[in-house]
């Protein structure tokens, strides 16, 4: 009975959604505000990656909100799992020799790759969020292959807090010297498609990369370490 | 048009899992499936046939850019949405773990404290 | 032309896997299938000319989400009743 009502409701919802979406034909040209972002993006920002210039400069305030939401989620998770008396009996299975050796070699290379992604965020596809996630997967690899790997919780929270404060301080510096919050004319814009260009965009993405990397590593360590009780 | 239909069907299948299933983990998996569907719908609204990615790395794309690249604004919005989706899933899973450690079961019919 | 047909095949594959995720009683299989759906969505994003979104979805959807689900299943039960 409950299933039939749910399926009927879903069919009605799907019918209306399809009617609304079929007003826009697939693959046709529809420009709105983004015409200005695409036409004037290189002139005003000199960042080759147009998505970066939207995320950091034109819609930079939304990125600040997203960074806050991530921080709130990591804090809420740490708080919830601190009071959990989750004990379960496990047997620990030692990882094989291939996994241990390979993860030892891959761990510094993965962190280097993640740093490369967020430093070159304004030139190639990538940026702070992608680089931070790659660094978090490096930490995840080491957690899964060794029992003696304990990331330092205090260092991770310090890096996360400092990187967030640096982001807000760059915004305020734009306020004082540039005219508006997160303005992009306090550093020289440079020539497009070079590493040192695009004003404050690389600095903001480096701060976001550190912050997201430290945050997601702390999140995974929280969830993982709660399960590994010594029984 | 196939992209729109497929992503709307993905959203509906995820919503079916949230509405009908009794196990809490299945409900959270359905929530994560809905996230994937919504992000696919938004990005496929910005696609224009015959054009290339919004990254300007050759000199040819500097002139008359708005007739050569795909719309970059839905991609910027979806970038934020994916990261927030994983944060919401992580908090939901920690609540599920806490609920299991209090009662020992994962059926939502057993949690009757808020019913009147 | 053949690229369009391949994309339609991938979309149908995503829908079949989604039905499997909802109906199966083994939660570990459901979670791994959900990770595979994210990977196929990342390939579709490449056809839609969105490399940033493809990278983010591959790293987060197919990596991080699957891992935190597996950690949560390890602490609770694997089979649904």
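Residue numbers (this note's numbering), protein chains in the order written: chain Z, 1 to 231; chain X, 1001 to 1116; chain C, 2001 to 2081. Glycine included, every Cβ here is placed at the ideal spot set by N, Cα and C. Computed from a prediction, not measured in an experiment: that's the story for all the values here.
Asked                                                                                                                   : Found
Sheet register partners of residue 1055 (chain X) (DSSP bridge)                                                         : Z:49
Three CB pairs or more closer than 8 Å across the region 170-184 of chain Z and the region 119-134 of chain Z           : no
Interface partners of residue 1030 (chain X) on chain C, CB under 9 Å                                                   : 2021, 2022
Closest Cα partner of residue 65 (chain Z) within the set Z:216, Z:208, Z:113, Z:202                                    : Z:208
Contact set between residue 2008 (chain C) and chain A, taken where Cβ atoms lie within less than 7 Å                   : Note that chain A does not occur in the displayed structure, where the protein chains are Z, X and C.
The region 1041-1051 of chain X contacting the region 1059-1071 of chain X, beta-carbon criterion three pairs below 8 Å : yes
Of the listed residues X:1086, X:1114, X:1019, nearest to residue 4 (chain Z) (C-alpha basis)                           : X:1019
Spatial distance of residue 231 (chain Z) from residue 92 (chain Z) (CA atoms)                                          : With a pLDDT of only 40 at residue 231 (chain Z), under 50, the local geometry of the prediction cannot be trusted, and the value read off the model is given with reservation. Rounded to whole angstroms, residue 231 (chain Z) to residue 92 (chain Z) spans 10 Å at the Cα level.
Interface residues of chain X facing residue 37 (chain Z) [CB-CB closer than 8 Å]                                       : 1072, 1073
CB contact flag (residue 73 (chain Z), residue 1090 (chain X), <8 Å)                                                    : yes
Top-ranked residue by Cα proximity to residue 1095 (chain X), from Z:101, Z:22, Z:145, Z:85                             : Z:85
Range of the contiguous alpha helix (DSSP H) that encloses residue 156 (chain Z)                                        : 153-177
Selection from X:1016, X:1012, X:1017 that minimises the alpha carbon distance to residue 16 (chain Z)                  : X:1012
Residue 128 (chain Z) versus residue 200 (chain Z): straight-line alpha-carbon distance, rounded                        : 14 Å
The alpha helix (DSSP H) enclosing residue 1043 (chain X), as first and last residue numbers                            : 1024-1044
Whether residue 141 (chain Z) touches residue 224 (chain Z) by CB criterion (8 Å)                                       : no
Within-8 Å CB hit, residue 1022 (chain X) to chain Z                                                                    : no
Residue 2 (chain Z): contacting residues in chain X (beta-carbon distance under 9 Å)                                    : 1019, 1020
Proximity test, Cβ basis, 8 Å: residue 1063 (chain X) and chain C                                                       : no
First and last residue of the uninterrupted alpha helix (DSSP H) at residue 2075 (chain C)                              : 2065-2075
Closer than 8 Å to chain C by CB, residue 1079 (chain X)                                                                : yes
Cβ-Cβ separation, residue 1038 (chain X) to residue 2064 (chain C) (assumed contact under 8 Å), whole Å                 : Contact doesn't hold; Cβ gap of about 18 Å is too wide.
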